[in-house]
């Protein structure tokens, strides 16, 4: 999972306008949601009420109970991290992951499995070293941000220009940063929703160019993470066109504490903090990855697609267990439960394991272009680790809200609360939702500890609790089944 | 802190024999301890009862209260890790640490401060890389054990011979390990006392030679640590004389989990696990470090010494915050409180910051030789991180137990329980206690999380809670003051 801020739905879009016609006073309890949504429909629509029938609801209960007894998802992510491990887009690991996914989905018995080529430009990390040279020699644990250019071979040795956050850098019209290494010290707040990451991440994406505009030689920031581990958090950065690209790194939080002490404590004032930084990297490498797709064809409306996704690639530093092996495993296991139920879903159920979510969204863009004219009943994605699902949200037209309430009622026994109709379904699915106006469903996971490990070497299997994974699969199976059986379309008929 | 098992008191020693004459039924409450110790004395000794007087006890209360209001200890460790950082014996950081300590102790106003040269043979870590080459290519996070020899330049690529623990290796009389990398997978149990480390650490110290005896090319083990971080735990190993020295590394726990899955899961049986390992290192480097000593001369018995210590060196991977910057700070701050009280202690109070505890005990050995004929009233050490003190223990002659009970009573308000008379006062002090039969006092810290960070890059300042450090200093100040004022000698008159 990359950019929560990228999930924000543009206020101008058609779906938001549609949602705004609904009554604003949705309550979070399922019963009230149902009642209110019925009232909403009565107010805007003369259609007779259409709801899911008892057979579908009973099937949801069976799927839920089966999921809570199954460790298939854990076995899948365990297999992926053990047999493939790190798999950044375009790498040998990425190719292994595609082969793994195709073989695994076929072995699970999905009737249609395919890999769709995604051309991309890969970025490859090289060796990186940093240490303070003044006022005291100290090693510095850091890692290059994704897409960072390399330093000259001999490295860069320069004074640190300290800024508390990106706003402070942007507000600086002096020449203080010129010839220095710009350093941003913003801390990431812990939260269930990942909002702290959303607040901090702009420093990573915009910081290098803001620094370069001010004449900086390089850019560094406090890792965007909630941990206190001596491991730096990578993640994509980007360079503004026309601005010089400068090397960009993230420093581990304990090392960031050291730089903060030296920069801020009165006893060290007047003693410049200097850092030597050398890093190798290579970008723009022509490569091909693949979106891996499995389908269960729909029985009565095969032309309508329920798309549930995750991303197959990972950053190179960890094993890609929580980001996003867990998501791959959750949506695959949920679809497998539907497959094994023997009942044919009305609409086509499609699992998409996207290529290169982390560093360019190439898989999503490719999917968006290829399937732009296919009617998507809804899109969903699991890409926020392996924490418990605590909330269910939708972004559908008002007529579908009674069905959404029925789904919420079946999720409630899993400890999942009903949210609103402003779902942000994940980075890839959110991209598709925004681009094409496709409806979306969201199962919000507890991400309280996600940013302790996200984009670090610590993204390993031991961070996943198999029991929490069962709850996720149960939620996905219930949601996918019931939403896919909905007698009401989730999107407007005139959606592109 | 290095070797809990090294703290075990030989059953044959004089002090144990002496302690065994005491009543065995010590209760843990202070009142009962006092009563029972009085009975014990009555049984073995006709001397009149001698106890600490009210002035000394009142002074202890004042010291305790002052310590609980002071952040001096945190400021000291913060200064050490910020201005020096890693300081393995013989390194430039070690020399900086000695200079830092001398300057700091002088600035604190101790009337006598000196650095005593300690010649030693240093070991220096070099670059190290490892990855699995079969059955799946995977990076492996590991680090060389202290004293490890290097691999050939091209590295070693060999099959892993998996053993669940050291006992399994020792029991193997087959040729299974020959030509392979012996791998020991023993996990470290979490405990307050560090007993889990004590059980696991023999694999680190004895493993390489046990492997070499069986023809192994190299040795690796699961990190001796209770964490799930992608950081390996170093620590000294040693080679038996006459046995070939082979490269020896510790693998991070998540990587150890990976190796365990590949070695143990039925689906991977018949597929050898192979690892490529390359590491550089250099041992036997002639160097000089120093024990740094500060003293407050005794008023009425200056020839008797109260020795409280910690070690100034640290492993190279972290900042040496919990191991043992915290101990340096705690004993120094406690002595400073005594110094500032204006009251002259009866006996000489000596703070010793030992050289090279981690990889050879050179500082302790040097101290032991230099001061072997000086009468030590007791020795103590702080070298178990920055957790709260939960227990007070002694190893003194029976006649001193009523005074020990008085001290325990003054420690009780800090949440500290009375233990027994079998104290193990820390690695350096324990060495001196065993060698010379010197009496000892121990303040046992809660080490539940100590082995999450011990000997890793994660040994950084953020792992220290300043409030817990205050409690430690309070305990040390109370203990040092009262024990130093004791009207009763803690050791036998005829101790060497």
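Protein chains in written order, with our numbering: chain A, 13 to 508; chain B, 13 to 508.
Just so you know, even glycine gets a beta-carbon here, dropped at the ideal spot from N, CA and C.
Bear in mind that the values here come from a model prediction, so they are computed numbers and not experimental data.
In this structure, residue 121 of chain B places its C-beta atom within 8 Å of the C-beta atom of residue 351 of chain B. Here residue 105 of chain A carries a helix assignment [DSSP, helix/strand/coil]. A straight-line Cα-Cα distance of about 14 Å links residue 126 of chain A and residue 382 of chain A. It is roughly 37 Å from the alpha-carbon of residue 298 of chain B to the alpha-carbon of residue 180 of chain B.
When C-alpha distances from residue 149 of chain A are compared across A:270, A:409, A:504, A:393, the shortest belongs to A:270.
In the DSSP secondary-structure assignment, residue 311 of chain A is not bridged to any residue. A contact is defined here as three or more CB-CB pairs under 8 Å, and the segment 403–419 of chain A meets this definition with respect to the segment 493–500 of chain A.
The contact set of residue 240 of chain B on chain A, defined by CB atoms closer than 9 Å, consists of 470, 472, 474, 475 in chain order.
Put simply, the backbone Cα of residue 422 of chain A is about 33 Å away from that of residue 377 of chain A. Residues are counted here when their Cβ sits less than 9 Å from a Cβ of chain A; for the segment 147–167 of chain B these are 147, 148, 149, 150, 151, 153, given in chain order.
Within 7 Å of the CB of residue 222 of chain A, no CB atom of chain B is found; the nearest one sits about 28 Å away. Within the same chain, and ignoring the five residues on either side of residue 483 of chain A in sequence, the residues whose Cβ sits closer than 6 Å to its Cβ are 400, 426. Straight through space, the alpha carbons of residue 460 of chain B and residue 203 of chain B are spaced by roughly 5 Å. Counting along the chain, residue 269 of chain B sits inside no beta strand (DSSP E); it lies in the alpha helix (DSSP H) bounded by residues 265–276. Under the Cβ distance rule, residue 94 of chain A counts among the residues neighbouring chain B, one pair being separated by less than 8 Å. Scanning chain B for C-beta atoms nearer than 7 Å to the C-beta of residue 270 of chain A yields 94, reported in chain order. Exclusion of the five residues before and after residue 336 of chain A leaves 322, 323, 395 as the residues of its chain whose Cβ lies within less than 6 Å of its Cβ. From the beta-carbon of residue 117 of chain A, no residue of chain B is found nearer than 8 Å; the closest lies around 18 Å away.
C-alpha of residue 98 of chain A to C-alpha of residue 331 of chain A: approximately 5 Å in a straight line. Inside the segment 79–133 of chain A, DSSP marks whole alpha helix (DSSP H) runs of 4 or more residues at positions 84–95, 104–119, from first to last along the chain. Here residue 116 of chain B is buried. Its C-beta has 16 or more other C-beta atoms within 10 Å. Identification of chain B residues near residue 274 of chain A by a Cβ-Cβ cut-off of 8 Å yields 94, ordered along the chain.
From the listed residues B:391, B:384, B:209, the smallest Cα separation to residue 438 of chain B is found for B:391. Residue contact check for residue 98 of chain A against chain B: a CB pair falls below 8 Å. The Cβ atoms of residue 302 of chain A and residue 169 of chain A lie no closer than 8 Å to each other. When C-alpha distances from residue 259 of chain A are compared across A:90, A:295, A:236, A:279, the shortest belongs to A:295. For the pair residue 274 of chain A and residue 145 of chain B, the Cα-to-Cα distance works out to about 43 Å.
In the same chain as residue 191 of chain B, and ignoring 5 residues on each side of it, the C-beta atoms closer than 7 Å to its own belong to 170, 227, 229, in chain order.
Within chain A, the residues placing a beta-carbon under 8 Å from that of residue 243 of chain B are 241, 242, 243, ordered along the chain. Between residue 361 of chain A and residue 338 of chain A, the CB-CB gap reaches or exceeds 8 Å. In this structure, the straight-line span from the alpha carbon of residue 176 of chain A to that of residue 90 of chain A is close to 40 Å.
Within chain A, not a single residue places a beta-carbon under 8 Å from that of residue 478 of chain B; the smallest gap is close to 14 Å.
For the alpha helix (DSSP H) assignment, the uninterrupted runs of no fewer than 4 residues enclosed by the segment 422–508 of chain A are, from N- to C-terminal side, 439–448, 462–465, 478–497.
Straight-line spacing of the CA atoms in residue 201 of chain B and residue 473 of chain A works out to 20 Å.
In this structure, the CA atom of residue 136 of chain A is about 43 Å from the CA atom of residue 416 of chain A. About 6 Å separates the Cβ atoms of residue 262 of chain B and residue 155 of chain B, confirming a contact at the 8 Å cut-off.
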